[in-house]
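This report refers to the structure that appears directly beneath it.
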Amino acid sequence: MVTTLDQRAHKESVTLPVASLTEELRDRLGATLVAYIAGVKETRAVRQWAHGEREPSAAVVQRLRLSHQISTILGDRHGSRVVQAWMQGLNPDLGDIAPARILRESDIDEIGERVLGAARHFAAA
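Offset between the sequence shown (1-based) and this note's numbering: plus 893.
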């Protein structure tokens, strides 16, 4: 079932410019976790994306958009600390793998639905 929150989270994640999207993610997750999910070694890249000084690759943008959607769904009911902990913690809905690791290492087209489902399940509990 699609909720108003799901619709808002999806709309924001696909319509926000990359700089705004990255800035919001950095505020919610912290630059280090955003860099990890994006697969970059330095938080400097995250800062540059947030300031519009540099553009991430299309694959990274896809990860950032899904991460934003998830953080919006979770952040609506929980604070940033819970969202960060959820992203980094072993998740039973995901085979005891951390969502951040899945977002970093997996093909979003193949795994995105499962990670979103796990976020919705957690938010609804």
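Ideal Cβ placement from N, Cα and C applies to all residues, glycine included. From a predicted model like this one, the values you see are computed outputs, not experimental measurements.
Can you tell me which residues form a DSSP beta bridge with residue i?
{"i": "Ile990", "result": "Asn984"}
Along the alpha helix (DSSP H) that carries residue i, what are the first and last residues, could you check?
{"i": "Leu898", "result": "Thr897 to Thr908"}
{"i": "His944", "result": "Here His944 belongs to no alpha helix (DSSP H), and DSSP marks it neither H nor E."}
{"i": "Ser913", "result": "Val911 to Leu922"}
Let me make sure I understand the geometry here. Which of the options has the alpha-carbon closest to that of residue i?
{"i": "Asp1000", "options": "Met980, Val954, Val939 and Asp986", "result": "Val954"}
{"i": "Ala928", "options": "Val976, Arg947 and Leu957", "result": "Leu957"}
{"i": "Arg901", "options": "His961, Arg1007 and Gly972", "result": "His961"}
{"i": "Arg997", "options": "Lys904, Asp986 and Gln981", "result": "Gln981"}
{"i": "Glu916", "options": "Leu898, Asn984 and Ser964", "result": "Ser964"}
{"i": "His944", "options": "Gly923, Asp969, Ile1004 and Val911", "result": "Val911"}
{"i": "Arg937", "options": "Val907, Ala951 and Arg919", "result": "Arg919"}
{"i": "Leu967", "options": "Glu1003, Val1008 and Ala952", "result": "Val1008"}
{"i": "Leu909", "options": "Ala931, Leu959 and Gly923", "result": "Leu959"}
{"i": "Gln977", "options": "Val933, Ala1018 and Ala1012", "result": "Ala1012"}
Which of the three DSSP states, helix, strand or coil, is assigned to residue i?
{"i": "Ala1018", "result": "coil"}
{"i": "Asp969", "result": "coil"}
{"i": "Glu935", "result": "coil"}
{"i": "Glu1006", "result": "helix"}
{"i": "Ser960", "result": "helix"}
{"i": "Glu948", "result": "coil"}
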